[in-house]
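S.K.: Chains as they are written, first to last, in the UniProt record's numbering: chain A, 1 to 114; chain B, 1 to 493; chain C, 1 to 779.
A virtual CB, placed ideally from N, CA and C, is assigned to each residue, including glycine.
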Amino acid sequence: MEIIISILAGILFATAIYNLLQKQLLRIIIGTVLLSHGAHLFILTMGELKRAKPPILIEGIKDYVDPLPQALILTSIVISFGITSLLLVLTYRAIKENKTDDMAQLRGEEHEYE
Amino acid sequence: MSMSNLAVLPIIIPLISGIILAFFHKKVTVSRWLTRILTISNLGLVSYIAWIVFTDGAVILETGGWEAPYGIILVADPLAITLVLTTNIIATACAFYAPHSMNIKEETHYFYAFFFFLITGVSGAFLTGDLFNLFVFFEVLLMASYALIVLGGGKVQLRESIKYVLINLFSSVLFVTAVAFLYSVVGTVNMAHIAERVQEVEQKGILTTIAVLLFFVFATKAALFPLYYWMPKSYIVPNPVISGLFGALLTKVGIYSILRVFSLIFVYKLDLTHQAFIWFAGLSMVFGIIGALSTSNIKLIVAYNIIPAIGFIIMGIGVFNQDAISGAVYYLVHDMIIKCALFLLVGTIAYVAGTSDLRKFSGLIHYYPVLGWLLFVSAFILAGIPPFSGFIGKLLLLKGALTNDEIVIVVLGLLSSLLILYSIMKIFIQGFWGEKDESFVKKPTKGLVGPIVFLLAFSVILGIGAEFIYPSIDTISSYLLDPEVYIDSVLKE
Amino acid sequence: MIFTVLIPLLLACFVPLISKIKDKIHTGIFVFFIPLAIFLYYIQFVGSDFTTVNQTVDWIPALGINFDFYLDGLSLLFVLLISGIGALVVLYSIYYLGKGERLGHFYVYLLMFMSAMLGVVLSDNIFVLYTFWELTSISSFLLIGYWHFNERSRYGALKSMLITVFGGLSMFGAFILLSVITGTTSIQSMIEQKDIILNSTYLPFILVLLLLGAFTKSAQFPFHIWLPDAMEAPTPVSAYLHSATMVKAGLFLVARFSPIFSGYEWFFIIVSIVGIVTLCWGSYMAVRQTDLKAILAFSTISQLGMIMAMLGFGTEIAVYAAVFHILNHATFKGSLFMVAGIVDHETGTRDIRKLGGLLNFMPMTATLALFGTFSMAGVPLPFFNGFYSKELFFDSSIDLTAGISGFADFLVQVIPYLAVFGSIFTFVYSMYFFFGVFGGKKQFNLLPKKPHEAPIGMLISPIVLVLGVIIIGLFPNLVNGTFLAHAADAIKGAVTADQHIKFWHGWDSPAFMMSLIVVGIGTILTFTRKKWAGVYRFLPGKLSLFKFYDIVLDKLNSVSNGVTKQYMTGSLRLYVAIILGTTLTLTFITMGATDGFTIQFNNLSDVRIIDLSVVLIMIVAAVGTIFARHNVAIILIAGVVGYGVAVLFVIYRAPDLALTQLVIETVSVVLFLLCFYHMPKLRKRDETKRSKAVNIVISVGFGALMTIIGISAHSSKWFDSIANYFIETSYKLGGGHNIVNVILVDMRGFDTLFEITVLGIAALAIFSLIKLKKNKEAD
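1. Which same chain residues end up closer than 8 Å to residue 497 of chain C when comparing Cβ atoms and leaving out the 5 residues on each side of it in sequence?
2. To the nearest angstrom, how far is the alpha carbon of residue 653 of chain C from that of residue 604 of chain C?
3. Residue 378 of chain B and residue 342 of chain B look like a contact to me (Cβ under 8 Å); what is the Cβ gap, rounded to whole Å?
4. When you compare each of C/600, C/262, C/413, C/658 to residue 316 of chain C by their alpha carbons, which one comes out closest?
5. Within its chain, find whatever has a CB closer than 7 Å to the CB of residue 108 of chain A; leave out the 5 residues flanking it on each side and keep chain order.
6. Give me the subset of the stretch 587-605 of chain C whose CB atoms are less than 7 Å from a CB atom of chain B, sorted by chain position.
7. Classify residue 363 of chain C as buried or exposed, calling it buried when 16 or more other Cβ atoms lie within 10 Å of its own Cβ.
8. Who are the near neighbours of residue 96 of chain C in its chain, counting only those whose CB is closer than 8 Å to its CB and skipping five residues on each side?
9. Whole angstroms is fine: what's the gap from residue 664 of chain C's alpha carbon to residue 596 of chain C's?
10. Return the CA-CA distance between residue 118 of chain C and residue 84 of chain C, expressed in angstroms with no decimal places.
11. List the residues of chain A whose Cβ lies closer than 9 Å to the Cβ of residue 233 of chain B, in chain order.
12. Hey, is residue 154 of chain B's beta-carbon within less than 9 Å of any beta-carbon in chain A?
13. Taking only runs that begin and end inside the stretch 271-359 of chain C, name each unbroken alpha helix (DSSP H) of 4 or more residues, in chain order.
14. With DSSP run on the structure shown, which of helix, strand or coil describes residue 124 of chain C?
15. By DSSP's criteria, residue 186 of chain C is part of a beta bridge. Which residues make up the other side?
16. Applying a beta-carbon distance threshold of less than 7 Å, which residues of chain A neighbour residue 181 of chain B?
17. Bridge partners of residue 450 of chain C, per DSSP?
18. Determine the closest residue to residue 362 of chain B out of B/458, B/211, B/218, B/434, with distance taken between C-alpha atoms.
19. Taking only three categories from DSSP, how would you classify residue 688 of chain C?
20. Which residue's Cα is closest to the Cα of residue 565 of chain B: B/425, B/479, B/74?
21. Alpha carbon to alpha carbon, how far is residue 543 of chain C from residue 285 of chain B? Give it in angstroms, no decimals.
22. Do residue 32 of chain A and residue 714 of chain C have their C-beta atoms closer together than 9 Å?
23. Pick from C/588, C/700, C/672: whose alpha carbon is nearest that of residue 623 of chain C?
24. Name, please, each residue of chain A whose Cβ falls closer than 7 Å to the Cβ of residue 655 of chain C.
25. Alpha carbon to alpha carbon, what distance is there between residue 222 of chain C and residue 765 of chain C?
26. Based on the DSSP output, what are the partners of residue 494 of chain B in its beta bridges?
27. Could you give the distance in angstroms between the alpha-carbon of residue 488 of chain B and the alpha-carbon of residue 476 of chain B?
28. Taking the straight line between their C-alpha atoms, what separation do you get for residue 21 of chain C and residue 99 of chain C?
29. List the whole-angstrom C-beta distance separating residue 176 of chain C from residue 395 of chain B, where the pair is believed to meet the contact cut-off of C-beta under 8 Å.
30. Between residue 19 of chain A and chain C, is the shortest Cβ-Cβ distance under 9 Å, so that the two count as touching?
31. Quick one: is residue 168 of chain B buried, meaning 16 or more other Cβ sit within 10 Å of its Cβ, or exposed?
32. From C/744, C/590, C/561, C/636, pick the residue whose C-alpha is nearest to that of residue 213 of chain B; which is it?
33. Are residue 27 of chain A and residue 634 of chain C closer than 9 Å when you measure CB to CB?
34. Within the same chain, show all residues whose beta-carbon is closer than 7 Å to that of residue 429 of chain C, passing over the 5 residues directly before and after it, in chain order.
35. Would you verify that the beta carbon of residue 191 of chain B is, or is not, closer than 9 Å to some beta carbon of chain A?
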């Protein structure tokens, strides 16, 4: 199953990147969301997907799944959420200011940087 | 070596400062004074810690009392503390520059809070001994930088910041994934522990691939060829003081990470990884300088000049001998200071000239002789002309490279030094020399010049006073070339 | 010694203060005493019993960079020139530059240069030498750009800096190589270890890099092009830097290192050829110039070439003639520059076509010019010092012995002819200069000012120099044993100190015959100059090195602009594509090179239908985002993936994660809908076929890369995870049953603290973004 989840995560990466390479901002942001999902699945897989007990100590049971990746994912999920929210507001404002959501038109002209 | 809570202070103090200033955001005068006092006292404290580190060895803290490698370890080793010290020097200069260059609106929109959060993230990234924690600190400093880059909220700023956020977001995701891969192989995220285990298996199998993945993550942040495209334009859109902070700190955290990871952990496939670094170094020099020569926008000239400097440092890491690593560290410290100074300087010039387009102003020296001469000296500092700081770094780097028979990169390095000089001297010749424009209205530069002089003074001291600085740098490079010391100090009490 | 080097620099700091009182006293009067004092200090060393003097002051001993000063015959010669001519030039400048000029700046730069130049010739430490070397370039840059409101001054300043700093950097490269090979930074110790250097594989590099430094500084062909443009500097500067001292630093460098290289055949070949070509080209081009200072500039180029050639010959007589000519050239060329300055000052022009017939109006100046030009031409009379060194040059050119290779042999054959050729043109431009200005018809209607003799103050310095010309001419042995021999000795070692300079060698002396040929043909060419001047249309014709520089500089800017525009398009897609493409390619290559891929099928968890169906749904949803055509649709489809992740968390025993993921996914979807409900409609993906193909390759490639690394990493679990420790101690030390929670709040509480910080900053940033917008709308 680890191999299958790795493939799934890889597909998430691929679709995410395909969306990132588009011009419309909404697609690009959806791309970043998929990217985080892919990363989190990879972290989970790296801790082995044994169906042992969840990492909550119960007397007499020795076999638990690896708790560390779970802790790392939790940190990462929260951080991703923060960035995604910021990115959303940022995009919203940028689209309003620049009056387009097409990255191809958001290249910028030389004189604007003076 | 000693265990002490001191190691956490350079992170916690800016954090608390940031929180305090978030509350005081509406009171501009209070914010300004608090910021000045806090940066100076933090600088004093960090100097004290640095003194301890260089006399007694690394200061280590196991956070929460969890012993290594299980808890998160902070390691104030000579390299980390030197960079934290440099960071605080820059922070102090910027704290004094900011009130004069920003408008009240920008200041009240939490500038000072974000400023301290940025310092928190940068210091944390330098001090942490845990790879995942490094990721977290990257996010702290990036999040603060996202907030800073949009400050002011102009059209161009918003547009460039989207690109900036997206590229950094991608490399962060890649970072955390790579950490996971590494964890799977070595079963730990503590850097010393990783180093020990990678050494045990001699970096076999998939490890080098993961190392290269990490390299690209850091190289994107460090703005190395060919991953720097996001950098130049996004660095010039915010206020000069923010450009100064970014130019001095952000890319340098990336290069620091490369230096740390590829001197401590992945040092068993030198002829593959480190040899490739030299290629990246050469290409960064060439393309960075081409960029700097391509434009007449003075801010962009300085922004592009970040890239060849990164090239010089990565060349030192690639060559990987005592001289080269000393040179890389020297150059790193030098470049942090001079880049900040230059961004502040061209920011001031663009402000007084009313434009950053070099074709649109000239003869400024008649009105601003001090700015002109500061720029003149900066050009030589940046190009590595003796007796300034760039020279010592460059000398060591080139000496190291020649010891390893890397003649091509040396030739490139020398040529790029000439063109770096040219790119900045162009600003002096075209912008400052020339006829006096009688109709010019002089704008006050009160408070803008002091911080620049302060930074340049450090550059001069780093060069002329190399005798006092060099032994410390030598200590750092010996330390970096002998990973056992780091591993032992963290893992074996 | 260190004081003499640093004093000008230190005192330069006070010049701006002194210049404040310029209304009363000219700043130059104070400055004059500085070089004079230095000159008087060093004159005490002159004498036949001279011995070398060493002095060391530590600077950066850790890197072997110290002020190791070393005074031998060669440096003594230069030190006397620098301070002596320096004093005369300052004296001259007092009358040349009015009080209206920015005198403070001028003298600061000049003193800076003086220190730098003294430092160059006295340093035994290569890196200190390099430091001073670059400082001479910098001060020269500032002096050329002194009248920076002139476009030509700015142009000349930049040009000289680019070329000389280029040379400086390549010399620096040679120095690093030398120090790496020999392990020392002292030139004298290097000379002792010359065998190591001569046997090094880097020898060609060292030689070429070092000579580039020397050739650029001494304006040798083809790097001479900066010198004529440097004539935009005030004339005292031209006399001092660009004739007597700085341009001779290159000669000094070659002389200094020739004890190491003198036996090396390529040293002979390169230095002799470059020198002799420079001699010929410089003198040939000088005749074509119309600006007095341009004539002198090319003449300087040519004379420097001649000295360079002699240093290349490396024979005893050649080396001796070289140092002799360094001295002589400083005297007659220095005086000629001052003459040119006087003419410019008194007539308002330096254009030789407008000048003429000034002999009666400026008799004193004309006399000075006569001695200067005739000495330069090498006219065989005993009161022209130039003749002696010129004749020694001829002597040395025929004295050469055949080299080892055929090419060196050939060179030995042609050098005498080229020497005569160059000298003929030297004669022609000397006469052209003198008679063009002072002879011929007067045409005062062309002059901006009515000419009259210069004030006496302006004449003092050239008079002193011309006296030098005459005295050395009449009594050459006055300078011979006292310091010229020591100088030659320093270069060549054991030069016979009693080398006796004679005026008359007899009719049958070949050098004398060569001199006669030069004077004969030279006279004919002088009179017929207008008839053969058409030759310049063929050579150089349109081949101009000056234009070449302009084109290179222009191209440097335009090509870099072109290249940068190619990729710095501001297009996010391109940025992402390049970053990903590079990462992808090189990571794959690494994996191949290190045999990174492994896959193991044991110890995997079972594949179950329920897991598979979740996975399949997620894949479909993920791919679906690409094809979605509606705002709400794409957000919801992406949401499916998110919830799928949550389900997987449940399946794989991560209850906390599942909960968090569910909450966050829900909030995210709501946020997305809020933001994008009112946003522009999702359009069809518009991509060209080509960009579509690139996108697919990159995205699929990257996905595959991650999967492959993931599988390999998972298949390479070589160590026990530190997680076991967490399981063991969670309750004992952390006091909690939920291990993940204990890790988050305790073991890795530091992470959590800063994760919250990130969230806090994000909230603050969002808040400030929204508030900023409100403020804007309120404005």
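M.R.: According to the structure data:
1. Low confidence applies to residue 497 of chain C: its pLDDT is 48, below 50, so where it sits in the model is not reliable, and the reading given next is rough at best. 48, 481, 485, 486, 489, listed in sequence order.
2. 16 Å
3. Separation of the CB atoms of residue 378 of chain B and residue 342 of chain B is rounded to 6 Å, and the pair is thereby assigned contact status at 8 Å.
4. C/262
5. Excluding positions up to five away in sequence, the list is empty.
6. 587, 590, 591, 593, 594, 596, 598
7. exposed
8. 234, 235, 236, 341, 345, 458
9. So the two alpha carbons sit approximately 36 Å from each other.
10. 12 Å
11. 108, 113
12. yes
13. 292-313, 316-347
14. coil
15. DSSP output for residue 186 of chain C lists C/125 as bridge partner(s).
16. Those within 7 Å of residue 181 of chain B in chain A are 46.
17. Answer is none; residue 450 of chain C lacks a bridge partner.
18. B/434
19. coil
20. No answer is possible for residue 565 of chain B: the residues shown for chain B start at 1 and end at 493.
21. As the crow flies, the alpha-carbon of residue 285 of chain B is around 33 Å from that of residue 543 of chain C.
22. no
23. C/700
24. Those are 54, listed as they occur along chain A.
25. 59 Å
26. This structure gives no information on residue 494 of chain B, because the portion of chain B shown stretches from 1 to 493.
27. 16 Å
28. 10 Å
29. Contact between residue 176 of chain C and residue 395 of chain B holds: CB atoms are separated by about 7 Å, below the 8 Å threshold.
30. For residue 19 of chain A, at least one C-beta of chain C is nearer than 9 Å to its own C-beta.
31. buried
32. C/590
33. yes
34. Contacts found: 283, 286, 287, 295, 299.
35. no
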